[in-house]
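Asker: Protein chains in written order, with our numbering: chain A, 577 to 1005; chain B, 577 to 1005. Ideal placement from N, C-alpha and C gives every residue a C-beta, glycine not left out.
There are 2 protein chains.
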Amino acid sequence: MAESRDAVKIGLLGCGTIGSGVFHLVRKNAAGLTEAARRPVEVSGILVKAIDEARPFEVDTSIMTTEASSLLDDPGIDVFIEVMGGTEPARSYALEVLGKGRHLVTANKELIARHGRELMEAAVRTDAQVMFEAAVGGGIPIVRPMELSLGGDVVNKILGIVNGTTNYILTRMSAEGSTYAEALAEAQQLGYAEADPSADVEGGDAASKLAILSSIAFKAGITSDQVYREGISRVRPEDLDNAAELGYAVKLLAIAERAEAGVSARVHPTMLPRSHPLASISGNFNAVFVIGESVGDLMFYGQGAGSLPTATAILGDVVNVVRTMGSPPASRRSYWSRPGEVLPMEEVVSRFYMVLNVVDRPGVLAKIAGVFGDNNVSLESVVQKGIGDGAQIVLITHGVAERSFRAATEGLEKLDVVLEIPSVIRVES
Amino acid sequence: MAESRDAVKIGLLGCGTIGSGVFHLVRKNAAGLTEAARRPVEVSGILVKAIDEARPFEVDTSIMTTEASSLLDDPGIDVFIEVMGGTEPARSYALEVLGKGRHLVTANKELIARHGRELMEAAVRTDAQVMFEAAVGGGIPIVRPMELSLGGDVVNKILGIVNGTTNYILTRMSAEGSTYAEALAEAQQLGYAEADPSADVEGGDAASKLAILSSIAFKAGITSDQVYREGISRVRPEDLDNAAELGYAVKLLAIAERAEAGVSARVHPTMLPRSHPLASISGNFNAVFVIGESVGDLMFYGQGAGSLPTATAILGDVVNVVRTMGSPPASRRSYWSRPGEVLPMEEVVSRFYMVLNVVDRPGVLAKIAGVFGDNNVSLESVVQKGIGDGAQIVLITHGVAERSFRAATEGLEKLDVVLEIPSVIRVES
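This is the structure in structure tokens:
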């Protein structure tokens, strides 16, 4: 049962899809929220760009303002929820909030992935808390489990499907045989992809999320700039067919790994064995697979976006903040000040799937194998497909440093028997 | 970076498979643990039955004792980790620890599932914390996410594969066509099943875990006695074949659901559509699928048992306790004092798969359908298989209260055309 104490006052910075969902849930689940947080929680002010915008959930316009200062300067507000998105003015507001020792809950992945260090340092100075469960994986609890539940373990690898748009597109391409362009158009019609889909399909969104997860996992500040990214626009239906024949599924994965040479962090289309738990994550769902040294394989699955799932994650953060208000902050992250070193992509070891359109002539395979051999790339499987004009070689390499693979690719492009290399996709096992 | 403060002293009650794993990890991950907990953590005393037992990890015997009082009465110990298992003396020790305001971390599912109310009340009285992440799903973070991350949502349903032994057996039966007895023997050889496997295969272990999860989800104390249970020993290879033909997998599921009539809590073999994320959880892995009103579908997957995965969960709890020591406890669970009401199984609505061995004669189907109709059970699909002595009817009902289904079953058993009903399995969609 809730203790009878004064309500915690929340300032909502932004009130679009997610913000209105937060307002809706705070009202609807008031009793449960009070019991979980052990104090009543109320939204006392909302900063908006325009009061009369259309919103997915009804919101009390009487507490709205278009003046940031009227919320930021209100000493009665204990916790700010930032759901504006983008880095400015979100960053300035966040720093102001934390500078005053008020707590911040944010769903803003760019903000944390780019300015995490600055925010964590500001929070440490004033003993304020910064929570951002909603910034990765929408409604999926992943940030807090990584920080707390795995606090006694060492995370060795993260493999995440953290972008629902691209997972939806790849799922459709795989199920329907449609092209990337067709599947993208369908995703746009359904509202799963934006009119300008580049942040999703080129991997930028996933890179921000991976920067956050890998900072927590490797206990150092890693920014989105440090994450190598490659989007899905060059994945062809034929590649999905080939992958299926070889026993793989193709997913856009965000991968961070602690290897002997160092830490890697990258987003790219990836062939995954069908038996891998991530291979069957379909549609716009997200899932994060974590390999801990002692805990072994873990996977967290759920809705990676959407108003209410994301609002749920935000309220989980609010519950956590309210429970520990007045105590030493539970979320102090001094480690974010240590700059995280990330291996240059050239040094990352992967297996590769490659398709070569070739001249149908005896000795072709020997020439191709020779180039790989010269570059110390060993081949796991080679299949010759089609004849005449459609002759192709489909191969998978063993693990090799990106640098060697690229050198081999350059060599292959110079061969007169190689007409084109239409596809290269990294392979995970 | 860790603050330099005195080490938190841990008393380890029990030092078998899990306890020695805890000791091992505390030593091995000392630096990371200190950073996560923000204080050094050390095991200062260990209660054992016999000092010279064989253990999977090396443990410092100089801090071992066989005298419970020498640990329980030591005022220098801040946190006790209980990994003895069973309800006594674990319960008495736990109550003593909490009575003195010391914190308790336990992996003991029976203890929480049977005596949760008493323990939570003792903890509330002294502002001590009780943590039990390791009691459900081994290394999988599920207790804390349910409590904190879903604090702003309403949990409507839990479907869990929470027993690795039975999941291993069913996976083998399904993959190899082996019988229950063969798969059990194999599991015993591999150490996945005990010599007396009854707690696992009859659903008792899963029932304890479900009692804990449903108490948290439905915010009331639900004990393992309140959970209906049915084991896997009657599942036949033929049922797995039939299930596969119909597009289903068979899993031992722990299911808790908030329905209009009330809350249900039950463990039984269940046919799940192949496309359900739980259907592909194979071998001795565990997974808990949670449906929240706002967050939608979530799934948590990982190693449900084993020394180090379980020890990782325990250390996650220790990190959490240490971070909030001296603050109002983050885990106060007054709601456990509200007795949870669970619907009698007769009132629970399920779909059912049923196999009837029948006399191969015209009109049989009409008689059977008549009995179902008389009991208001409607049929979703009926397939007649085999001829002559091997004639069978395989059917799936629509959703129906258990009481009506049982009445229909009694009616069917009285029909002269029905020779035997070798199998009944509930079906989830």
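Can you tell me which residues form a DSSP beta bridge with Tyr824(A)?
Answerer: Bridge partners of Tyr824(A): Pro849(A).
Asker: DSSP has Gln960(B) in a bridge; who is on the other side?
Answerer: For Gln960(B), which the question treats as bridged, DSSP gives the partners Ile969(B).
Asker: Against Arg720(A), what residues of chain B qualify as contacts under a CB-to-CB distance less than 9 Å, listed in chain order?
Answerer: Here the neighbours are Pro717, Arg720, Pro721, Leu724, Ser725.
Asker: Is the beta carbon of Val526(B) less than 8 Å from the beta carbon of Leu695(B)?
Answerer: This structure cannot settle anything about residue 526(B), because the visible part of chain B is limited to 577 through 1005.
Asker: Hey, is Gly838(B)'s beta-carbon within less than 8 Å of any beta-carbon in chain A?
Answerer: No, because no Cβ of chain A sits closer than 8 Å to the Cβ of Gly838(B).
Asker: Going by beta carbon distance, what residues of the same chain come within less than 8 Å of Gly987(B), once the five residues before and after it are set aside?
Answerer: These residues qualify, in order along the chain: Val947, Asp950, Asn951.
Asker: Quick one: list the residues of chain A neighbouring Ala613(B), beta-carbon separation under 9 Å, in chain order.
Answerer: Near Ala613(B) (Cβ distances below 9 Å), the residues of chain A are Gly727, Gly728.
Asker: Just tell me which of His600(A), Ile586(A), Ala583(A), Lys585(A) has its CA closest to the CA of Ser883(A).
Answerer: For the residues His600(A), Ile586(A), Ala583(A), Lys585(A), the minimum Cα distance to Ser883(A) belongs to His600(A).
Asker: Could you check how far apart the C-beta atoms of Val843(B) and Val803(B) are, in whole angstroms? I think they sit under 8 Å.
Answerer: Correct: roughly 6 Å between the Cβ atoms.
Asker: Assuming Leu874(A) contacts Ala863(A) (C-beta within less than 8 Å), just tell me the rounded distance between them.
Answerer: Leu874(A) to Ala863(A), Cβ: 11 Å. No contact.
Asker: Within this structure, are the beta carbons of Thr702(A) and Gly675(A) separated by less than 8 Å?
Answerer: Cβ distance < 8 Å, so Thr702(A) and Gly675(A) count as in contact.
Asker: Please list the partners that Glu709(B) has in chain A, where partner means a Cβ-to-Cβ separation under 8 Å.
Answerer: Simply Ser725.
Asker: Is it buried or exposed, Glu588(A), if we count other Cβ atoms within 10 angstroms and call 16 or more buried?
Answerer: The residue you asked about is not Glu; residue 588(A) is Leu in the sequence shown. The residue is buried, with at least 16 neighbouring Cβ atoms inside 10 Å.
Asker: Taking Cβ positions, are Ser980(A) and Leu919(A) nearer each other than 8 Å?
Answerer: Against a cut-off of 8 Å, the Cβ pair of Leu919(A) and Ser980(A) comes out as no contact.
Asker: What residues from chain A crowd round Lys795(B), counting only those whose CB sits closer than 8 Å?
Answerer: Result: Gly608, Glu611.
Asker: Between which two residues does the beta strand (DSSP E) containing Gln879(B) stretch?
Answerer: Run containing Gln879(B): 872-879, per the beta strand (DSSP E) assignment.
Asker: Indicate whether the contact test is met: 3 or more Cβ pairs, each with one atom in the segment 682-692 of chain A and one in the segment 620-628 of chain A, closer than 8 Å.
Answerer: Not touching, per the Cβ criterion.
Asker: Give a yes or no on whether the C-beta atoms belonging to Leu1009(A) and Ile857(A) are separated by under 8 Å.
Answerer: Residue numbering for chain A in the displayed model covers 577 to 1005; residue 1009(A) lies beyond these limits and cannot be assessed.
Asker: Please report the Cβ distance between Ile594(A) and Thr886(A), rounded to the nearest whole angstrom; I am assuming they are in contact, meaning their Cβ atoms lie under 8 Å.
Answerer: Correct: roughly 5 Å between the Cβ atoms.
Asker: On a CA-only basis, which of Lys604(B), Gly677(B), Gly966(B), Glu686(B) is nearest Ala666(B)? Give me that one, please.
Answerer: When only C-alpha atoms are compared, the closest one is Glu686(B).
Asker: Am I right that Val895(A) and Leu609(A) are in contact with their C-beta atoms under 8 Å? What's the rounded C-beta distance?
Answerer: The pair is a contact, with the Cβ atoms about 7 Å apart (cut-off 8 Å).
Asker: Quick one: which unbroken alpha helix (DSSP H) runs of 4-plus residues sit fully inside the segment 753-793 of chain A? Chain order, please.
Answerer: Those alpha helix (DSSP H) runs which fall completely within the segment 753-793 of chain A and span 4+ residues are 756-765, 774-777.
Asker: Tell me, please, whether the CB atom of Thr741(B) is closer than 8 Å to any CB atom in chain A?
Answerer: Chain A contact via Cβ: absent.
Asker: Rounded to whole angstroms, what is the Cα-Cα separation between Leu648(A) and Thr900(A)?
Answerer: Each residue's Cα considered, the two are about 22 Å apart.
Asker: Going along chain A, which residues have a C-beta under 7 Å from Ser980(B)?
Answerer: Neighbours of Ser980(B) on chain A: none; closest Cβ ~34 Å, over 7 Å.
Asker: Can you pull the chain B neighbours of Tyr744(A), defined as C-beta to C-beta under 7 Å?
Answerer: Those do not exist, as Tyr744(A) stays about 15 Å from chain B at its closest Cβ, beyond 7 Å.
Asker: Three or more C-beta pairs closer than 8 Å, one from the segment 792-801 of chain A and one from the segment 909-923 of chain A: is that the case here?
Answerer: These segments touch.
Asker: Buried or exposed: Ile890(A), going by 16 or more other Cβ atoms within 10 Å of its Cβ?
Answerer: The residue is buried, with at least 16 neighbouring Cβ atoms inside 10 Å.
Asker: Is Pro665(B) close to chain A, meaning its C-beta is less than 8 Å from at least one C-beta of that chain?
Answerer: Taking Cβ atoms only, chain A never reaches closer than 8 Å to Pro665(B), which makes this a no.
Asker: According to the Cβ coordinates, are Glu922(A) and Glu978(A) closer than 8 Å?
Answerer: In this structure, Glu978(A) lies closer than 8 Å to Glu922(A) by Cβ.
Asker: Hey, how far is the Cα of Val731(B) from the Cα of Pro717(A)?
Answerer: Cα to Cα, the separation comes out at about 14 Å.
Asker: In the DSSP assignment, find the unbroken beta strand (DSSP E) run with Thr682(A) in it and report its ends.
Answerer: Note, Thr682(A): beta strand (DSSP E), 679-682.
Asker: Check each residue of the segment 879-895 of chain A: if its Cβ is closer than 8 Å to any Cβ of chain B, include it; give the result in chain order.
Answerer: The residues in question are Gln879, Gly882, Leu884, Pro885, Ala887, Thr888, Ala889, Ile890, Leu891, Gly892, Val894, Val895.
Asker: Please report how far the alpha carbon of Ser999(B) lies from the alpha carbon of Gly838(B), in whole angstroms.
Answerer: Each residue's Cα considered, the two are about 28 Å apart.
Asker: Going by beta carbon distance, what residues of the same chain come within less than 6 Å of Glu579(B), once the five residues before and after it are set aside?
Answerer: Confidence is the limiting factor: at Glu579(B) the pLDDT is only 44, short of 50, which leaves the residue's position unreliable, though a coordinate-based value still follows. Contacts found: Arg614.
Asker: Let me make sure I understand the geometry here. Which of Tyr669(B), Arg603(B), Ser596(B), Gly677(B) has the alpha-carbon closest to that of Met640(B)?
Answerer: Of Tyr669(B), Arg603(B), Ser596(B), Gly677(B), the residue nearest in Cα terms is Ser596(B).
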